[in-house]
Amino acid sequence: MAKNIPEKMLAAQVVEFKKPYEIHEVPVPGKELNENDMLVKVAVASLCHTDGMVTDGIMGSGTVVKVGSSITEFRVGDRVLCSLTYHRCRKCTTCQREERDTQYCPNVGGYLGVTRDGSFAEYEIVDGRECCKLPKNLSFQSAAPLACAGVTVWGGLIRAGLQKGEIVAIIGAGGGLGHLGIQFAKALGLNVVAVDARDEGLTLAKECGADFVVDARGGKEKVVEEVKTVTGGRLADATVNVSEHETAAPTGAAVTKMHGVLVQIAQPTNVSVPFEELVFRDIRIHGSLTSSREECKKMLEVVSKHNIKVKTNLFNGIKEIPNAVELVRSGKMQGKPVILIDNEAIQMEKKSGLNMV
Numbered sequence: 001m002a003k004n005i006p007e008k009m010l011a012a013q014v015v016e017f018k019k020p021y022e023i024h025e026v027p028v029p030g031k032e033l034n035e036n037d038m039l040v041k042v043a044v045a046s047l048c049h050t051d052g053m054v055t056d057g058i059m060g061s062g063t064v065v066k067v068g069s070s071i072t073e074f075r076v077g078d079r080v081l082c083s084l085t086y087h088r089c090r091k092c093t094t095c096q097r098e099e100r101d102t103q104y105c106p107n108v109g110g111y112l113g114v115t116r117d118g119s120f121a122e123y124e125i126v127d128g129r130e131c132c133k134l135p136k137n138l139s140f141q142s143a144a145p146l147a148c149a150g151v152t153v154w155g156g157l158i159r160a161g162l163q164k165g166e167i168v169a170i171i172g173a174g175g176g177l178g179h180l181g182i183q184f185a186k187a188l189g190l191n192v193v194a195v196d197a198r199d200e201g202l203t204l205a206k207e208c209g210a211d212f213v214v215d216a217r218g219g220k221e222k223v224v225e226e227v228k229t230v231t232g233g234r235l236a237d238a239t240v241n242v243s244e245h246e247t248a249a250p251t252g253a254a255v256t257k258m259h260g261v262l263v264q265i266a267q268p269t270n271v272s273v274p275f276e277e278l279v280f281r282d283i284r285i286h287g288s289l290t291s292s293r294e295e296c297k298k299m300l301e302v303v304s305k306h307n308i309k310v311k312t313n314l315f316n317g318i319k320e321i322p323n324a325v326e327l328v329r330s331g332k333m334q335g336k337p338v339i340l341i342d343n344e345a346i347q348m349e350k351k352s353g354l355n356m357v
């Protein structure tokens with residue numbers, strides 16, 4: 001059964017390579033819905049680092065308005081976090097690992113906002129087997145950035161393999177991913193050393209609960225000495241790097257204890273770490289790409305239970321998407337941009353008392 005669905009919708013589209021977005025009225029998708037798909041009315045869209053590379057919306061939250069015949073977990077009216085992953089093969093060895101790493105399926109049918117239309121529209125088609133229901137106390141506005149930024153840094157922390165009471169260093173801690181990483185780490189019972197090179201980033205890291213804050217502008221050697229000081233000479237048990245700066249990965253390795261793990265989330269063209277860190281100190285580098293659906297569910301539970309806050313910048317309506325994209329690319333925005341699309345659904349949440357930030 002489907003809610004009233006219009007024939008047309010607004011969408012922000014890239015119609016020419018390296019040209020700005022254009023706003024067009026286009027047909028609403030989903031007249032012939034795959035049995036495993038759902039049509040979602042997008043309430044809020046957001047942007048992540050990947051949007052700078054592929055220029056499309058990969059993060060969104062919204063309301064289910066139509067479900068495929070094989071979908072049993074969701075029904076019309078459910079509030080959901082839209083997953084990037086679309087149609088995993090569900091047969092390969094990666095897909096058999098339902099608890100984690102399924103996002104690495106080599107035979108995936110696509111990624112929303114990357115190889116398929118994403119959330120920069122009033123409606124989008126999603127894979128109903130990959131989405132997650134939103135907790136009752138989590139708003140669309142707070143949820144949308146979690147669809148990429150949240151699951152990305154959450155997955156990195158999980159892959160760090162730390163136990164409660166251990167120390168994690170986060171390089172780039174005062175950014176869109178880093179400020180979430182601090183809060184997630186604290187919710188997991190970890191001690192956090194936040195490293196950033198901007199005044200506003202250091203301030204945000206403190207506000208988010210970092211146990212120690214280290215200014216990276218003094219250079220790698222000074223950062224290492226400061227981390228040694230605040231950890232009693234121990235260094236970090238693991239480090240999560242969300243910064244693309246060329247010094248970020250080598251700094252991350254240097255502040256990690258011997259035999260520790262550096263989780264590389266940031267995606268610069270090249271990652272360069274001195275061989276001494278790998279050979280003489282046995283630092284292991286672990287790449288990390290978002291999270292599996294099961295990991296995403298756990299993340300949402302933690303966000304709900306611990307009242308994780310996402311720093312957001314509001315833009316009202318699809319027509320504001322070009323402005324949001326330009327601000328993100330300028331590097332002048334702190335936190336995550338969110339585009340309010342379904343104002344009716346957002347107003348209903350406000351009336352229900354949901355916290356919007």
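Once you know that position 195 of the sequence shown is 195 in UniProt numbering, the rest is easy, because the numbers rise by one and skip nothing.
Quick reminder that beta carbons are idealized off the backbone N, C-alpha and C, glycines included.
A quick note: this is a predicted structure, and the numbers were derived from the prediction, not measured.
query                                                                                              : result
Of the listed residues Ile171, Lys257 and Glu35, nearest to Val242 (C-alpha basis)                 : Ile171
Coarse secondary structure for residue 425, derived from DSSP in three states                      : What the structure shows of the chain is the stretch from 1 to 357, and residue 425 is not part of that stretch, so it cannot be assessed.
Whole-angstrom distance between Leu84 and Lys19, CA atom to CA atom                                : 24 Å
Paired residues, beta bridge with Ile79 - DSSP                                                     : The residue asked about is misnamed: residue 79 is Arg in this sequence, not Ile. Answer is Thr63.
Status (buried if at least 16 other CB within 10 Å, exposed otherwise) for Lys136                  : exposed
Lys91 burial status per 10 Å Cβ neighbour count (16 or more: buried)                               : exposed
Three-state secondary structure (DSSP) of Val151                                                   : helix
Length at least 3, wholly inside the segment 159-207: the beta strand (DSSP E) runs in chain order : 167-171 and 191-196
Identity of the residue in Ile285, Val255 and Pro322 nearest Gly219 by Cα                          : Val255
Three CB pairs or more closer than 8 Å across the segment 118-138 and the segment 154-168          : no
Of the listed residues Cys82, Thr203 and Leu278, nearest to Ala249 (C-alpha basis)                 : Leu278
Alpha-carbon spacing of Ala173 relative to Arg97, whole angstroms                                  : 30 Å
Met53, DSSP secondary structure in three states                                                    : For Met53, the pLDDT reaches just 41, beneath the cut-off of 50, and the residue's location in the model is therefore unreliable, leaving the point undetermined.
Spatial distance of Leu134 from Asn307 (CA atoms)                                                  : 14 Å
Helix, strand or coil at residue 360 according to DSSP, with G and I counted as helix              : Outside the modelled stretch of the chain, which goes from 1 to 357, sits residue 360, for which no answer is possible.
Residues near Met1 by beta carbon distance below 7 Å, same chain, minus five either side           : Here the model assigns Met1 a pLDDT of 47, short of 50, so the residue's position is not dependable, and the following value carries that caveat. For Met1, where only same-chain residues beyond five positions count, the Cβ hits under 7 Å are Val76.
Supposed contact pair Val44 and Val64 - C-beta distance, whole angstroms, cut 8 Å                  : Contact doesn't hold; Cβ gap of about 15 Å is too wide.
C-alpha distance - Thr55 paired with Phe74, whole-angstrom precision                               : Because Thr55 sits at a pLDDT of 45, beneath the cut-off of 50, its placement in the model cannot be relied upon, and the following sentence gives the value as read from the coordinates. Approximately 30 Å, taken between the alpha carbons.
Nearest-angstrom Cα separation, counted from Gly62 out to Thr203                                   : 32 Å
Contact belief for Glu226 with Leu190 at Cβ below 8 Å, rounded distance in angstroms               : Not confirmed; about 19 Å, so no contact.
Nearest neighbour of Gln183, chosen from His87, Lys311 and Asn316 [CA to CA]                       : Lys311
Cβ-based neighbour list, Ser292, same chain, cut-off 7 Å, excluding 5 preceding and 5 following    : Glu99, Arg100, Asp101, Thr102 and Gln103
Beta-bridge partners of Thr312, as assigned by DSSP                                                : Lys336
For Arg234, the nearest candidate out of Arg217, Val193 and Asn270 (CA to CA)                      : Val193
Beta-carbon gap between Ala236 and Ala169 smaller than 8 Å                                         : yes
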